[in-house]
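One line per chain: the protein sequences are A and B, in this order.
Using the numbering used here, read the first sequence as starting at 1 and increasing by one per residue.
Using the numbering used here, read the second sequence as starting at 443 and increasing by one per residue.
Where a beta carbon is used, it is the ideal one built from N, C-alpha and C, also for glycine.
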Amino acid sequence: MYTLSNRLRLFSVILMVVGFVGLIIGFAQRPGSIEEVKERMAAHDAHGGGHGEAAVQAEGHHGGEHADDAHGGDAHYEHVLHQLQNKPWAALYVAAFFFFMIALGVLAFYAIQFASQAGWSPVLFRVMEAITAYLVPGGIILFVILALSGFHVNHLFVWADPEVVAHDELIQGKTSWLNSWGFIIRAAIFLGGWLLYRHFAVKYSRKQDEDAEGNKWYKKSFKISAGFLVFFIYTESMMSWDWIMSFDPHWFSTLFGWYVFASLFVSGITTIALITIYLKSKGYMEFVNNSHIHDLAKFMFGISIFWTYLWFSQFMLIWYSNIPEEVTYFITRIEDYRLPFFGMLVMNFIFPLLVLMNSDFKRVNWFVVMAGIVILCGHYIDVYNMVMPATVGESWFIGISEISAVLLFLGLFLFVVFRALTKAPLLAKGNPYLEESKHFHY
Amino acid sequence: MASKVIHALYTDDDVLMDAVKRVRAEHYHIEEVFCPFPVHGLDKAMGIPHTRLAITSFMYGCVGLTVAILMMNYIMIEDWPQNIGGKPSFSYIENMPAFVPIMFELTVFFAAHLMVITFYMRSRLWPFKKAENPDVRTTDDHFLMEVDAGNHDVNKLTSLLGDTGAVEIKVIDKEEDNH
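Below is the structure:
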């Protein structure tokens, strides 16, 4: 049995408190009026930034109404005001989604292990189950944020603003899907289905430990896992349209669901590897050998390449065809987000490619940890790049809100996951493939 | 000079793996193992040094990538620049996304083909080469372990091999090494 050390508990609580306080400061520092924005930008420009002009032609994202309004006067400052008011919300959203997607990726990975009757992985099942425990609090928090955004309490989703929709024919054509109630009902169905599977999968896994006779519970796990995967691949795709793609409601990409899936899958697998290595370093999980770590690292490597493949497939077609309503998506990112946009490619593709290519390195724990941390940061930036351009536009910077939101959810994630680890023995001893997994050797 | 080798035949890869470990633990020298299919971990169990094929593959991949870049740069940029889809080909880096599929394909092409050819050369395989396996059943459902008898006691060795689950044991007088 794993016991949560006081140091780790304290560490996660401190992270949560610091993050929470930081977020409150972030929200409190939002400019309240155009005058404040002018003051701040004057101070900023004094530091030497040709920031003002670049921003002037960058509306369009918040619907047509800005373009129709007078360009002169305060229109630009009002635009920046809205972006800065959005910023803490967007930072909260990115962090909430990022940690939720880690748990969701692990849930999908866990289901695949059952559905494919994998023999190598059962020794890791308890780690996976513990990570998916975060789906409950993470999902509830995300649902609250989505509900607030969907009903236009904040301005994250432009399609949720009736004024914008009234002037925007493209969004009008999509209102049968993109409307507040539909949005929130779908979110409830997605989250409900995932949590339901999570609940029963963990329950059956624990029951199988108590009563391995005839593998009754294992067979049930197999069945619900196969069913869940079918449900998941549809709902995950729709979730990605709703929760991410709809930030840019004019834009669409048919492989977006896969793209987000690759991101959450690789983040989830990386987290499994990191937590397993951590537990091993603390003297737990002696039954995990370096072949298991090797296999996880192979997945990290492979899914990173898969992510790049999807990223490039999406990018190249849009870049080549150069259709205005599609290509604006990448133009904004390349012009206003050059560093995070290309930096993420280095972190998510080139770095894992070179570091994890060698077979021997995949067995060296500190190599896997180093690559894993870079991959996780890279995928945080990936989510950041998907959310921020449409919500804060060119007014982005990594400030107190972004860092605090990450700390808050990191603290919550660590607290929930490691507390869940204490709930059951670290070895799923009833699993019929356990012996094969213990002797897994490559 | 004739040398004595012992051929032990097995019918299961797990039994074979245990036998290899056991024979090695007793400090006998295993010359070669013939299998109808690749057995995972057999190379490690036999103590064969790690293959360097992966390193050659990486280098071939780099060659392929370089060839692709130079080739596309010559064809599309230097020799005959065209204006395709409003993207005039005056700069390689600006048109790079369009060349990525070719760069990827040639990397894979070079790595794969040259690696296979290297593997053939390293294994001394070429067209019309006479097969080296000592027993045709190793192409069907039997595994054959060839142990060097050397100066060891042949009877002791064969009884050890019998204990490891060999279904058939033959002592062979081998003429001067033919491979």
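Residue burial is scored here from C-beta neighbours: A/Asn-348 has at least 16 other C-beta atoms within 10 angstroms and is therefore classed as buried. Of all residues in the region 359–371 of chain A, those with a C-beta nearer than 9 Å to a C-beta of chain B are Ser-359 and Asp-360, reading in chain order.
When beta bridges are read from the DSSP output, B/Met-587 appears opposite B/Ala-450 and B/Val-475. For the C-beta of A/Phe-315, the chain B residues within less than 8 Å are, from N- to C-terminus, Pro-539.
Within chain B, the residues whose beta carbon sits less than 8 Å from that of A/His-441 are Gly-483, listed in sequence order. The beta carbon of B/Gly-527 sits closer than 8 Å to some beta carbon of chain A.
Identification of chain B residues near A/Trp-319 by a Cβ-Cβ cut-off of 8 Å yields Pro-539, ordered along the chain. Between the region 135–142 of chain A and the region 88–101 of chain A, the count of Cβ pairs shorter than 8 Å is three or higher; the stretches touch.
Collapsing the DSSP output to three states places A/Ser-359 in coil. Taking the C-beta atoms as reference points, A/Tyr-134 is found no nearer than 8 Å to A/Val-406.
Close CB contacts of B/Pro-576 within its chain, under the 8 Å cut and outside five residues either way in sequence, are with His-449, Phe-476, Leu-586, Glu-588 and Ile-614 (chain order).
A/Leu-229 sits away from A/Leu-104, with the two beta carbons spaced by 8 Å or more. One Cα belongs to B/Pro-539, the other to A/Phe-109, and the distance between them is close to 32 Å. Residue pairing for B/Val-613: DSSP places it in a beta bridge opposite B/Ile-448. Here B/Asn-525 carries a strand assignment [DSSP, helix/strand/coil]. For A/Phe-312, the C-beta contacts it makes with chain B under 7 Å involve Val-542, in order along the chain. At a cut-off of 8 Å between beta carbons, A/Asn-348 makes no contact with chain B.
As the crow flies, the alpha-carbon of A/Asn-365 is around 8 Å from that of A/Ile-293.
Taken in chain order, the whole beta strand (DSSP E) runs of length 3 or more contained in the region 235–291 of chain A number zero. Spatial neighbours of A/Ser-237 in its own chain (CB-CB distance under 6 Å, excluding positions within 5 residues in sequence) are listed in chain order as Gly-257.
By the Cβ rule, the region 365–375 of chain A counts as touching the region 294–309 of chain A, because three or more pairs are nearer than 8 Å. If you compare the alpha carbons of B/Asp-582, B/Lys-463, B/Ile-517 and B/Asp-460 with that of B/Phe-541, the shortest gap goes to B/Ile-517. With distances taken between CA atoms, A/Val-17 lies nearest to A/Leu-408 out of A/Thr-132, A/Phe-440, A/Leu-408 and A/Ser-437. Residue state for B/Pro-543 is assigned as helix, using DSSP reduced to three classes. Going by DSSP, A/Trp-181 is part of the alpha helix (DSSP H) stretching over 180–210.
A distance of 8 Å or more separates the beta carbons of A/Ile-275 and A/Ile-381. The beta carbon of B/Ala-496 falls within 8 Å of a beta carbon belonging to chain A, placing the residue at that interface.
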